[in-house]
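Heads up: the sequence shown is residues -23 to -1, 1 to 435, going by mature numbering (1 follows the signal peptide of the UniProt record, and there is no 0).
Even glycine gets a Cβ: it sits at the ideal position worked out from N, Cα and C.
See structure below.
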Amino acid sequence: MGLSPRRLLPVSMLWLCYYSCYSSLIEDPHPLYNCIDSATGYDQCAYPAYYGPMEDQHTQFSIIGYEPAILSLDRFDQMDSPEASQTEVSVDDFGAKGDGTDDTKAFEKAWEEACNSSEKAVLVVPENKTYLLKQITFSGPCKSDLSVKITGTIEASSNRSDWDGLNRRHWIEFKDLKNLRVEGGGTINGNGKTWWDNSCKRNKSLPCTGAPTALTFRSCKNLIVKNLRIKDSQQMHLSFERCENVRVSDLIITAPGDSPNTDGIHITSTQKILVMNSVIRTGDDCFSIESGSKKVKVTNITCGPGHGISIGSLGDGNSEAHVSEILVVGANLFETTNGIRIKTWQGGSGNAKNIKFQDIAMHNVTRPIIIDQNYCDSKKPCPEQGSAVKVSSVVYKNIKGTSASEVAVNFNCSKSIPCEGILLEDINLVGTSGSNTTMSCKNVQGLNKGEVYPPSCL
Ligand SMILES: *[C@@H]1O[C@H](CO)[C@@H](O)[C@H](O)[C@H]1NC(C)=O
Ligand SMILES: *[C@@H]1O[C@H](CO)[C@@H](O)[C@H](O)[C@H]1NC(C)=O
Ligand SMILES: *[C@@H]1O[C@H](CO)[C@@H](O)[C@H](O)[C@H]1NC(C)=O
Ligand SMILES: *[C@@H]1O[C@H](CO)[C@@H](O)[C@H](O)[C@H]1NC(C)=O
Ligand SMILES: *[C@@H]1O[C@H](CO)[C@@H](O)[C@H](O)[C@H]1NC(C)=O
Ligand SMILES: *[C@@H]1O[C@H](CO)[C@@H](O)[C@H](O)[C@H]1NC(C)=O
Ligand SMILES: *[C@@H]1O[C@H](CO)[C@@H](O)[C@H](O)[C@H]1NC(C)=O
Ligand SMILES: *[C@@H]1O[C@H](CO)[C@@H](O)[C@H](O)[C@H]1NC(C)=O
C-alpha cells in the first residue's frame, strides 16, 4: 500500500527542498525551454511540479510543463489550409510502372519536379499498384511546401545485394525538409524476411551487420506523418532523427513478433514530437526514445507483440545522453516482453529526467515497469563501471493490468548514480492468473501515492 496523501504532504515538502538544492547542482546550464511559468512565477525546473504545491490546481499536462509548446505547433494549421493552390506530380508521369520492375528512377525524377515546384506540390503514389523501390533519398530543401500522398504500395527489393556499396541503414529517407506531409492511407512494405534470416539474432553464427530502416526522417522541421501502414521492415520501421515539430498519427506498423530488431518508432535527437492514435505490433521496441530527445508526447497507442515502450538504451560506449520531458499517456500493451522501460548502459553519463507514464493498461506483459541501469545487449558481459546516465523525476501514474512474471516492477539502478525522484501513484499490477506480484528496488529513492500494488519497496 502507498502512503495516504495526508501523510505524504510533509514528506513531499522535504523532497521539494531536497530537490531545489539538489537540482540546482545538476541542472543543465543551458536550459532550452523556459522554466518559469509566466502566470504563477513557479519554477518548473527547480521543483519537479509533481512534488510541488501547485499539483492540485494543475491539469495533468502542466506537470512536466511542456504541453503548451506541443500544442503551439501552429504552423500545421497553415499546412492544412485548403486554399493554397497546388501542383500534382504523379510518379506514373515519370515512368513508374508499379508492375514489380524497379521504379526508383521514376520516383527520383518525380521528386525533383515536385521539390522544384514554385507552388505547393503533391507527389502522388497512385492506388492499386505496387511500386518496387531500391534505396532512395528524398532531399530538400525544396522551393515550396510539399506533400507526399501514398495511396498505393511501395515495396522494397528483397535482394540484399541492392545495398552493396550503399549505406545499409536506410531504405527510404527524407532529409533536410521543412513543412512536409506524408500521408495517404497506402502501405510501405520493407519485405524484410531475407534480412531477418541473415540477422545474427536469428543465426548466431552470422556476423552482426545492420539492416535498413524502412522510413527515415532526418533533419526535418514541421513534419506531419499520418495515415500509413508500414510493415515488415528490414530493421526499424520508422525513425525520426534530428527533427523538430513533428506530428505523427494514425499509423499501423506491423511485423512478426519474432522478427529481429524491428522497432516500431525510433526517436532520436528530436524535439517537440507528438505521436498519437497508432497501433504498433512488431518484434522489438514499440517505441525507442533515444538520446537528444526532448518534449516527446505519445498518446493513444496500442503495442504488442514486441518489447514495449523504451527510453534508451542510453549511454552505450561510455557516451553522454540526455532525454527529458517525455510524456506517455494512454497506451494498451498486449503480451509485450517489457512494458514501460528505461534502459541505460553502465559507464555512460548525462541524464534521463522529467518523464511521465500515465494511464497505461498492461495485458499479460512480462516485465511491466522496469528501470534497468545495467543494460547490456552485447555478446560480451558488461563490466561494472563507476558512472551512469542519471535517472530522475519519473512518474508512473495509473498503471494497471496483468504481469506474466512475478516481479511486476523492477527498479535496478546504478550503485554509483542511484535513481531519484521516482513516484508511483495508483499502480495495480497482478499476476496474469491472479497470482501475487512483487516489486524489486535496488539503489532507488522515491515515493508512493494512492494505492500501490505490488507492495512498494520505495
Ligand atoms: C527548377 O525550376 C526552374 C524554373 O522554375 C528551372 O529553370 C530549373 O531547370 C528546374 N530545375 C530542375 C532540376 O528541374
Ligand atoms: C482501385 O481499386 C478499387 C477497388 O477495386 C476501385 O474501386 C478503384 O476504382 C481503383 N482505383 C483506380 C484508380 O484504379
Ligand atoms: C541481386 O542483385 C545482384 C546485383 O544487384 C544481382 O547480381 C543478382 O542476380 C540479384 N539476385 C537475384 C536473386 O535477383
Ligand atoms: C546460419 O549461418 C550459417 C553460416 O552462413 C549457415 O551455414 C547456416 O545454414 C545458417 N543456419 C540457419 C538455420 O539458417
Ligand atoms: C485511438 O486510436 C485509434 C486508432 O489506433 C482510433 O481508432 C481511436 O479513435 C483513437 N481514440 C481517440 C480517443 O482518439
Ligand atoms: C501470458 O504470456 C505468457 C508468455 O509471456 C504465455 O505463456 C501465457 O500463455 C500468457 N497467458 C495468457 C493467459 O494469455
Ligand atoms: C540487476 O541487474 C544485474 C545486472 O544485469 C543483474 O545481475 C541482477 O539480477 C538484476 N537484479 C534484478 C532484481 O533484476
Ligand atoms: C498473496 O498475498 C496475500 C496477501 O499478502 C496472501 O494472503 C496470500 O497468501 C498470497 N498468495 C500467495 C499464493 O502467495
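Is the Cβ-Cβ distance between Thr231 and Arg258 less than 8 Å?
Yes.
Would you mind listing the beta strand (DSSP E) stretches within the region 297 to 366 that are 3+ residues and don't spill past its ends, in chain order?
For the region 297 to 366, the continuous beta strand (DSSP E) assignments of 3+ residues that do not extend past its boundaries occur at 297 to 311, 315 to 322, 326 to 342 and 344 to 352, in sequence order.
Rank Cys177, Val306, Asn331 and Ser116 by C-alpha distance to the C-alpha of Leu157 and give the top, closest one.
Among Cys177, Val306, Asn331 and Ser116, the Cα nearest to that of Leu157 is on Ser116.
Report whether the distance from the Cβ of Ser95 to the nearest heavy atom of ligand 1 is below 7 Å.
Inclusion of Ser95 in the 7 Å shell around ligand 1 follows from its C-beta lying nearer than that to a non-hydrogen atom of the ligand.
Do Asp141 and Leu109 come within 8 Å of each other at the CB atom, strictly closer than that value?
No. Outside cutoff.
Between which two residues does the alpha helix (DSSP H) carrying Asp174 extend?
Per DSSP, the unbroken alpha helix (DSSP H) holding Asp174 starts and ends at Lys170 to Asp174.
Does the region 286 to 293 come within contact of the region 200 to 211, defined as at least 3 CB pairs closer than 8 Å?
They do not touch, by the three-pair rule.
Please report how far the alpha carbon of Gly42 lies from the alpha carbon of Asp139, in whole angstroms.
Because Gly42 sits at a pLDDT of 33, beneath the cut-off of 50, its placement in the model cannot be relied upon, and the point is left open.
By the 10 Å Cβ neighbour count, where 16 or more other Cβ atoms means buried, how is residue 441 classified, buried or exposed?
Nothing can be reported for residue 441, as the shown portion of the chain is limited to -23 through 435.
Using the Cβ count rule (16 or more neighbours within 10 Å means buried), how would you classify Cys197?
So Cys197 counts as buried.
Starting from the C-beta of Asp403, find all residues in its chain whose C-beta is less than 7 Å away, skip the five residues before and the five after it, and write them out in chain order.
Spatial neighbours of Asp403 in its own chain (CB-CB distance under 7 Å, excluding positions within 5 residues in sequence) are listed in chain order as Lys374, Asn375, Gly427 and Glu428.
Environment of residue 442 [buried if 16+ CB atoms lie within 10 Å]
Look at the range of the chain in this structure, -23 to 435, and you will see that residue 442 is not part of it.
Could you please go through the chain and list the residues whose beta-carbon is closer than 6 Å to any non-hydrogen atom of ligand 2?
Cβ atoms closer than 6 Å to ligand 2 belong to Glu104 and Asn105.
Applying the criterion that 16 or more other CB atoms from any shown protein chain within 10 Å of the CB defines a buried residue, is Asp293 buried or exposed?
Under a 10 Å Cβ-count criterion, Asp293 is classified as buried, with 16 or more other Cβ atoms of the shown protein chains found around its own Cβ.
Take the Cβ of Asn238 as the centre, count every other Cβ of all protein chains shown within 10 Å, and call the residue buried at 16 or more, exposed below.
By the 10 Å Cβ count, Asn238 comes out buried.
When we look at the beta-carbon of Lys357 and count the other beta-carbons within 10 Å, is it buried (16 or more) or exposed?
The residue in question, Lys357, is exposed, as its Cβ has fewer than 16 Cβ neighbours within 10 Å.
Under 7 Å from any heavy atom of ligand 8, by CB: list those residues in chain order, please.
Answer in sequence order: Ser412 and Asn413.
Status (buried if at least 16 other CB within 10 Å, exposed otherwise) for Glu96
Its Cβ having fewer than 16 others within 10 Å, Glu96 is exposed.
Return the chain-ordered list of same chain residues with a C-beta closer than 6 Å to the C-beta of Gly129, the five sequence neighbours on each side being excluded.
Only Val102, Pro103, Glu104, Lys106 and Gly163 meet the Cβ criterion.
Using only CA atoms, which one of Lys419, Val306 and Asn204 lies nearest to Phe388?
In terms of Cα proximity to Phe388, the closest of Lys419, Val306 and Asn204 is Lys419.
In whole angstroms, what separates the C-alpha of Ser270 from that of His299?
Here the alpha carbon of Ser270 sits roughly 7 Å from the alpha carbon of His299.
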